[in-house]
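So the sequences go chain by chain: A and B.
The first sequence begins at 1 in our numbering and counts up by one.
The second sequence begins at 379 in our numbering and counts up by one.
Data block below; observations after.
Number of protein chains: 2
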Amino acid sequence: MDCKIRSSTCIAPINIAVIKYWGKSDEEQIIPLNDSISITLDTDYMFTKTTATISPEFTQDSIVLNNEQGSGDGVRFQNCLSEVRKLAASSKHASTVEKSTWKVAIVSENNFPTKAGLASSASGYACLVFTLAQLYELESHQSELSALARRGSGSACRSLFGGFVRWFHDSQPCIARPIAEAEHWPELRCLVAVVSNTSKSVGSTEGMRRSAETSKLLEHRVKHVVRDRIEDMKMAILEKNFVKFAEITMQDSNQFHAICLDTYPPLFYMNSTSQAIIQLVHRYNQIRQSVKVAYTFDAGPNAVLFLEQGEISRFASVFYSVFGSTPHDKFFRGKVPDLVDPTEDVASLVPEKALKGQVQYTIVCNVGQGPKNIDPTG
Amino acid sequence: MDCKIRSSTCIAPINIAVIKYWGKSDEEQIIPLNDSISITLDTDYMFTKTTATISPEFTQDSIVLNNEQGSGDGVRFQNCLSEVRKLAASSKHASTVEKSTWKVAIVSENNFPTKAGLASSASGYACLVFTLAQLYELESHQSELSALARRGSGSACRSLFGGFVRWFHDSQPCIARPIAEAEHWPELRCLVAVVSNTSKSVGSTEGMRRSAETSKLLEHRVKHVVRDRIEDMKMAILEKNFVKFAEITMQDSNQFHAICLDTYPPLFYMNSTSQAIIQLVHRYNQIRQSVKVAYTFDAGPNAVLFLEQGEISRFASVFYSVFGSTPHDKFFRGKVPDLVDPTEDVASLVPEKALKGQVQYTIVCNVGQGPKNIDPTG
């Protein structure tokens with residue numbers, strides 16, 4: 001190998017927690033107070049793409065994030081980078097050890113608008129760590145990579161795996177592992193509804209700290225509620241029991257936001273549109289006389305809805321009719337669903353007026369795979 | 379006494395809980411899961427007025443509520459009435475025993491719009507029980523009367539007393555008792571902000587039942603949080619420590635709404651205007667570099683704000699500037715405050731736009747007395 005420059009380009013998925021992570025027991029190491037479970041979404045529409053280049057000719061590390069020259073996000077980026085290098089430096093391959101001393105140039109971008117409030121840090125750090133691992137030939141160190149991604153952004157440790165993923169708060173090292181592969185539940189669909197008029201709110205690092213310090217309910221959640229829910233959710237996923245899966249997902253999302261409200265001063269991440277979506281889902285399930293749709297909300301007003309393929313035309317038609325104001329092929333992105341006449345359902349639902357236009361657009365996804373190398377020669 | 383007709387007219391105040399009542403251990407008896415503490419508001423602007431008339435000539439009980447012939451609110455009204463009669467029948471005064479057999483005609487009205495979502499059942503049942511007690515000369519049975527009002531509407535047991543009142547969940551009988559008289563803290567003021575565009579939500583009886591059945595956090599609140607808060611709140615009141623009083627009031631309001639959100643399906647009582655009021659209060663306290671204002675919300679979007687007299691002109695001016703759209707002497711009712719120029723404060727607060735008109739009007743009260751007889755001869 002004479003040409004002393006190496007480059008790799010990879011993409012990584014976002015993941016949506018169905019049992020929420022909120023609160024750390026160790027801020028510096030990013031150790032969560034409780035286990036969480038997430039679903040990895042396919043990368044057809046949303047992903048982070050990262051190119052990492054290393055060369056002994058480079059005189060300094062550099063990073064370009066979403067077309068802006070950056071400082072590499074400060075401490076967390078540096079933590080990630082130096083930990084990957086440490087792992088490379090301890091390799092038994094001389095070439096990996098050598099490369100660990102070279103400077104690196106990172107170019108990373110999200111193909112979804114970060115301003116829409118879709119968490120980009122999970123896919124971002126997962127992609128960074130995965131891409132560097134390709135360069136240093138560390139792919140086999142899956143556990144270590146999950147732990148390294150965690151140091152960048154807690155939930156990034158889950159985005160290193162496809163399918164259904166559990167992040168253990170007390171494993172050594174603290175890592176995520178798959179519960180089931182993406183192919184396990186092929187009928188499952190996910191709608192990511194991007195809500196209009198989101199206002200800036202308290203960031204999740206600061207929010208978690210404030211909850212851990214002031215909520216009188218968080219400790220009870222962590223110690224007495226989540227443990228059972230994790231086991232129940234795991235069973236629901238393994239059994240593909242949609243009703244059980246949906247109920248726990250909704251209950252845990254609501255409890256996370258309840259903890260935010262019990263924080264002092266309180267944290268509001270959901271807005272009136274989020275409330276309207278929750279109420280629509282419960283009313284829809286009521287008229288369907290079964291739990292057909294579930295919602296979950298992270299630290300922002302956007303809704304993530306889960307349902308099975310058989311329900312998607314009917315529900316998407318109702319959802320679009322109530323919240324959409326653009327043509328349906330602009331409103332839906334990704335796997336645009338066929339729509340049916342929603343008149344009867346909407347009449348039974350009697351949604352509040354003035355909801356039209358409250359959802360900007362909705363991305364339709366399947367459960368997806370973990371990060372992958374997209375080098376032409378890769 | 380030959381003229382065999384007796385009549386009495388009384389008024390009763392509303393009360394605002396600062397440690398919330400949510401959830402019953404006995405639905406039929408209306409025994410709460412935890413103690414609560416409330417403040418009785420003066421009756422200058424808001425009260426229930428009830429006239430009760432008894433006569434051996436009447437052939438049946440009758441009730442007119444807010445100018446509508448009613449069934450007497452069914453079971454609860456009948457419970458109250460028959461319990462008061464039982465108490466009268468056990469009197470050692472022959473005249474009281476005789477009167478307990480006569481039929482009664484009740485005319486009751488609230489002088490505040492019940493549709494505004496201001497709880498009318500507490501003042502209503504307190505007034506009913508108090509007025510009947512006047513007729514039957516049972517005024518000295520204060521404890522029994524509190525317990526009887528409770529059978530009509532739980533929090534009515536607190537409206538039988540002025541000032542600062544604690545409702546005990548485990549006393550025998552289950553009653554409220556004053557912590558301090560209204561005169562104890564003469565500087566305390568209360569703003570009741572009636573929010574526009576309130577939508578119908580789940581009633582509190584049904585809501586409490588649902589929370590008790592489904593919230594995984596309510597039991598922890600009841601057993602481990604409220605007990606300390608009750609003692610801390612009592613001390614804050616006795617010491618007139620406004621900062622402590624305000625912090626606990628806000629934290630307990632938020633925790634009550636957190637429990638509502640942890641209920642399945644979730645209960646939403648606050649709306650986006652309520653959120654905006656909460657955020658304004660926290661920002662106002664921040665620029666004042668001290669806790670000068672507290673908020674609390676019951677099972678609806680209306681805000682109740684507490685502050686001391688010295689702060690009222692400044693805060694009311696800011697509040698009106700942000701949320702008001704009618705002339706200030708229409709916006710404020712009751713003890714209309716003098717306003718000052720809020721420009722500088724509002725500039726520091728940078729409130730969200732589009733809040734003007736979100737509060738319909740605001741009633742300004744003092745801490746007040748319990749029910750009273752207003753018979754001309756009374």
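We treat Cβ as the ideally placed atom computed from N, Cα and C, and that holds for glycine.
Treat the numbers as computed from the prediction; the structure is a model and nothing was measured.
Fill in: Completely contained alpha helix (DSSP H) runs for the stretch 566-624 of chain B, where each covers 4 or more residues
582-592, 604-616
Discussion item. Can you confirm whether K382 of chain A, when its beta carbon is compared against all beta carbons of chain B, has any partner nearer than 7 Å?
Written reply: Residue 382 of chain A lies beyond the residue range present for chain A, which begins at 1 and ends at 378; the question has no answer from this structure.
Item to complete: Could you list which residues in chain B have their beta carbon closer than 8 Å to that of V383 of chain A, in chain order?
Response: Examination of residue 383 of chain A is not possible in this model, given that chain A is present from 1 through 378 alone.
Discussion item. I'd like to know whether the C-beta atoms of C743 of chain B and L419 of chain B end up nearer to each other than 7 Å.
Written reply: Residue 743 of chain B sits at position 365 when you count from the first residue of the second sequence. Residue 419 of chain B sits at position 41 when you count from the first residue of the second sequence. Result yes, Cβ atoms of C743 of chain B and L419 of chain B sit closer than 7 Å.
Item to complete: Output, in chain order, the set of chain A residues within a Cβ distance shorter than 8 Å of R599 of chain B.
Response: The residue given as residue 599 of chain B occupies position 221 in the second sequence. Within 8 Å Cβ-Cβ: K216, L217.
Item to complete: Count the other CB atoms, across all protein chains shown, that sit within 10 Å of the CB of N488 of chain B; report buried if there are 16 or more and exposed otherwise.
Response: As a first step, residue 488 of chain B is located in the second sequence; it is residue number 110 there, counting from the start. With 16 or more Cβ atoms within 10 Å of its Cβ, N488 of chain B is classed as buried.
Discussion item. Determine whether the beta carbon atoms of P371 of chain A and A12 of chain A lie at a separation below 7 Å.
Written reply: Within the first sequence, numbered from 1, the residue matching residue 371 of chain A stands at position 371. Within the first sequence, numbered from 1, the residue matching residue 12 of chain A stands at position 12. In contact: P371 of chain A and A12 of chain A (Cβ atoms closer than 7 Å).
Worksheet item: How long is the line joining the alpha carbons of S8 of chain A and L727 of chain B, rounded to whole angstroms?
Response: What you label residue 8 of chain A is simply residue 8 of the first sequence in a count that begins at 1. What you label residue 727 of chain B is simply residue 349 of the second sequence in a count that begins at 1. Between S8 of chain A and L727 of chain B, the C-alpha separation is close to 48 Å.
Worksheet item: Hey, would you say G735 of chain B sits closer than 7 Å to S691 of chain B, going by beta carbons?
Response: If you number the second sequence from 1, residue 735 of chain B lands on position 357. If you number the second sequence from 1, residue 691 of chain B lands on position 313. It is not a contact, given that the beta carbons lie outside the stated cut-off.
Worksheet item: At which residues does the beta strand (DSSP E) containing I16 of chain A begin and terminate?
Response: Against the first sequence, residue 16 of chain A aligns to sequence position 16. It spans 15-19 - the beta strand (DSSP E) in which I16 of chain A sits, taken as one unbroken run.
Item to complete: Could you say which of B:Q629, B:L645, B:S501 lies nearest to S593 of chain B if we only look at CA atoms?
Response: Residue 593 of chain B sits at position 215 when you count from the first residue of the second sequence. The option with the nearest alpha carbon to S593 of chain B is B:L645.
Worksheet item: Which residues, in chain order, does the stretch 266-283 of chain A contribute to contact with chain B at a C-beta distance below 7 Å?
Response: P266, F268, N271, S272, Q275, I278, H282
Discussion item. Shorter than 6 Å, the distance from the beta carbon of V107 of chain A to the closest heavy atom of the ligand SAM, or not?
Written reply: Within the structure as shown, the ligand SAM is missing, as the structure has no ligands at all.
Discussion item. Check whether chain A comes within 7 Å of N632 of chain B, counting only Cβ atoms and requiring the distance to be less than that.
Written reply: Sequence index remark: in the second sequence, residue 632 of chain B carries index 254 (1-based). Interface residue, yes.
Item to complete: Measure from the alpha carbon of E219 of chain A to the alpha carbon of each residue in A:C260, A:G154, A:F242, then state which is nearest.
Response: Numbered from its first residue, the first sequence carries residue 219 of chain A at position 219. Cα-wise, what sits closest to E219 of chain A is A:C260.
Practice prompt. Could you tell me the distance, in whole angstroms, from the CA atom of M233 of chain A to the CA atom of D262 of chain A?
Written response: Against the first sequence, residue 233 of chain A aligns to sequence position 233. Against the first sequence, residue 262 of chain A aligns to sequence position 262. Roughly 25 Å separates the two Cα atoms.
Discussion item. Since I277 of chain A and A193 of chain A should fall inside the 8 Å C-beta cutoff, what is the C-beta to C-beta distance between them, to a whole number of angstroms?
Written reply: Within the first sequence, the letter at position 277 stands for residue 277 of chain A. Within the first sequence, the letter at position 193 stands for residue 193 of chain A. Confirmed, about 7 Å.
Worksheet item: P564 of chain B to K713 of chain B, Cα distance in whole Å?
Response: In the second sequence, residue 564 of chain B corresponds to position 186, counting from 1. In the second sequence, residue 713 of chain B corresponds to position 335, counting from 1. In a straight line, the C-alpha of P564 of chain B is about 14 Å away from that of K713 of chain B.
Discussion item. Using C-beta distances below 6 Å, list every residue in its chain close to T51 of chain A, excluding the 5 sequence neighbours before and after it, in chain order.
Written reply: In the first sequence, counting from the first residue as 1, residue 51 of chain A sits at position 51. Cβ within range, chain order: T9, V107.
Worksheet item: According to the Cβ coordinates, are G419 of chain A and C80 of chain A closer than 7 Å?
Response: In the structure as shown, chain A begins at 1 and stops at 378. Residue 419 of chain A is therefore absent and cannot be evaluated.
Worksheet item: Taking the alpha-carbon positions, what's the P729 of chain B to S91 of chain A distance?
Response: Numbered from 1 along the second sequence, position 351 holds the residue referred to as residue 729 of chain B. Numbered from 1 along the first sequence, position 91 holds the residue referred to as residue 91 of chain A. Roughly 56 Å between the two C-alpha positions.
Worksheet entry | Residues of the stretch 716-744 of chain B with Cβ closer than 8 Å to any Cβ of chain A, in chain order | E730
Practice prompt. Count the C-beta pairs between the stretch 12-29 of chain A and the stretch 133-143 of chain A that are closer than 8 Å, then say yes if the count reaches three, no if not.
Written response: no
Worksheet item: Listing by chain order, which chain B residues have their CB less than 7 Å from the CB of D262 of chain A?
Response: Residue 262 of chain A sits at position 262 when you count from the first residue of the first sequence. Within 7 Å Cβ-Cβ: N632, Q633, A636.
Practice prompt. Rounded to whole angstroms, what's the CA-CA distance from I39 of chain A to G540 of chain B? Just pull it up for me.
Written response: Stepping through the first sequence from its first residue, residue 39 of chain A is reached at position 39. Stepping through the second sequence from its first residue, residue 540 of chain B is reached at position 162. Answer to the nearest angstrom: the Cα atoms are 55 Å apart.
Discussion item. I'd like to know whether the C-beta of Q629 of chain B is nearer than 7 Å to at least one C-beta of chain A.
Written reply: Taking the first residue of the second sequence as position 1, residue 629 of chain B is located at position 251. So, interface residue.
Discussion item. So if DSSP puts W545 of chain B in a beta bridge, which residue, or which two residues, is it bridged to?
Written reply: As a working note, residue 545 of chain B is residue 167 in the second sequence. For W545 of chain B, which the question treats as bridged, DSSP gives the partners B:S414, B:A554.
Worksheet item: Among residues of its own chain, excluding the 5 on either side of F331 of chain A, which ones have a beta-carbon nearer than 7 Å to its beta-carbon?
Response: Counted from its first residue, the first sequence places residue 331 of chain A at position 331. Counting only Cβ-Cβ distances below 7 Å, and skipping sequence neighbours, we find Y320, G324, Y361, T362.
Worksheet item: Roughly how many angstroms lie between the CA atoms of E57 of chain A and R333 of chain A, to the nearest whole one?
Response: Locating residue 57 of chain A in the first sequence gives position 57, where the first residue counts as 1. Locating residue 333 of chain A in the first sequence gives position 333, where the first residue counts as 1. Going from the Cα of E57 of chain A to the Cα of R333 of chain A covers about 43 Å.
Discussion item. Strictly below 8 Å CB to CB, what residues from chain A border S577 of chain B?
Written reply: Indexing the second sequence from 1 puts residue 577 of chain B at position 199. Ordered by position in chain A, the residues that pass the 8 Å Cβ test against S577 of chain B are E352.
Worksheet item: Under 7 Å between the Cβ atoms of F546 of chain B and D413 of chain B?
Response: Within the second sequence, the letter at position 168 stands for residue 546 of chain B. Within the second sequence, the letter at position 35 stands for residue 413 of chain B. Yes; because the gap between Cβ atoms is below 7 Å, this pair is in contact.
Worksheet item: Going by alpha carbons, who is nearest to G585 of chain B out of B:V482, B:R454, B:A677, B:N445?
Response: By one-based count along the second sequence, residue 585 of chain B stands at place 207. Checked all of B:V482, B:R454, B:A677, B:N445; the closest Cα to G585 of chain B is B:A677.
Item to complete: Compare the C-alpha of G124 of chain A against each of A:V222, A:R76, A:V346, A:F315 and name the closest.
Response: Counted from its first residue, the first sequence places residue 124 of chain A at position 124. G124 of chain A has its Cα closest to that of A:R76, out of A:V222, A:R76, A:V346, A:F315.
Worksheet item: With 16 as the cutoff for other CB atoms within 10 Å, does V621 of chain B come out buried or exposed?
Response: Here residue 621 of chain B refers to the residue found at position 243 of the second sequence. That one is exposed.
Worksheet item: For A677 of chain B, which of helix, strand or coil comes out of DSSP?
Response: The sequence position of residue 677 of chain B within the second sequence is 299, counting from 1. Reduced to three states, the DSSP call for A677 of chain B is coil.
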